[in-house]
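Colleague: Numbering (the working numbering), first residue to last: 8 to 290. Handing you this structure, nothing more for now.
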């Protein structure tokens, strides 16, 4: 089980990685000021019309997707455990001129605190690279259900657990599910920057002094936990393409900007998307 003290080590590892990443980032504020949006078509399709809705983005990292939600008409709140991520998100929102609220908190602490407050949200959103940091799916799902309004929607887009079984050189290495047991990565969080063409560059010369502790979860575990928390499944999609190379070697990019595995690797799901609804009297 990924206890809070291990999540605190993850926080330090993320802080170091983002500090390096920020040296190489482009002028993102200009992108957003000019109406740019970082969400991919599948994310937008599952989110639907956000005009006038309140949406919280859990594990928001540096806020690019949070501001993209705001570009679609939502009133947004972002939550992340990393100090440097939230500092970056606040600076980006100010520079881009986009209203957004950001909280530096462990996601479990924030969900518990928010559930005790009176405010509720029309939507909760999580995206790529969020589930591996969760040690307790039950508390996470119950927390999400607790902060949603009746009729509110939870949307998750995530890397597929089948893809995450592979090392970046396409060697099979990791379990489909660790069943809540901790996986330790001594090398820590990578300093990866995404280029405009979707290529992810890892700055190899960088050494993170802090390890990371992660969990792998199968799709069935994620879906069933959300259902057990009282949410209703409205969509479950698997996608055999991505919009970046996810750091894997020899990925192929198609003419329409999608990324596929190398020719010698059989077709496999690279991402999945979930949408759930909190039933209630407001419908």
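We put the beta carbon where it would ideally sit given N, CA and C, even for glycine.
Decide yes or no for the touch test of the segment 48 to 56 against the segment 157 to 166: beta carbon pairs closer than 8 Å, at least 3 of them.
Modeller: The segment 48 to 56 is in contact with the segment 157 to 166.
Colleague: Could you give the uninterrupted runs of the alpha helix (DSSP H) lying entirely in the segment 77 to 103, keeping only those of 4 residues or more?
Modeller: DSSP runs (the alpha helix (DSSP H)) wholly in the segment 77 to 103: 90 to 103.
Colleague: Which same chain residues, not among the five before or five after residue 93, have their C-beta less than 6 Å away from its C-beta?
Modeller: Excluding residues within five positions, the ones whose Cβ falls inside 6 Å are 87, 109 and 111.
Colleague: Strictly by DSSP, which residues pair up with residue 65?
Modeller: The partner list for residue 65 (beta bridge, DSSP) reads 86.
Colleague: Just tell me which of 89, 106 and 141 has its CA closest to the CA of residue 73.
Modeller: Checked all of 89, 106 and 141; the closest Cα to residue 73 is 106.
Colleague: I'd like the span of the alpha helix (DSSP H) that includes residue 48, first residue to last.
Modeller: Here the alpha helix (DSSP H) through residue 48 covers 48 to 54.
Colleague: Tell me whether residue 64 is buried or exposed, calling it buried when 16 or more other Cβ atoms sit within 10 Å of its Cβ.
Modeller: Residue 64 is buried by the Cβ-count criterion.
Colleague: Is the beta carbon of residue 182 closer than 8 Å to that of residue 223?
Modeller: Yes; because the gap between Cβ atoms is below 8 Å, this pair is in contact.
Colleague: Can residue 16 and residue 213 be called in contact, C-beta distance under 8 Å?
Modeller: No, they are not a contact pair.
Colleague: Mind checking residue 188: buried by the 16 CB within 10 Å criterion, or exposed?
Modeller: So residue 188 ends up on the exposed side.
Colleague: Quick one: is residue 154 buried, meaning 16 or more other Cβ sit within 10 Å of its Cβ, or exposed?
Modeller: It is buried - the Cβ of residue 154 has at least 16 other Cβ atoms within 10 Å.
Colleague: Where do the ends of the alpha helix (DSSP H) carrying residue 38 lie?
Modeller: Start and end: 35 to 40.
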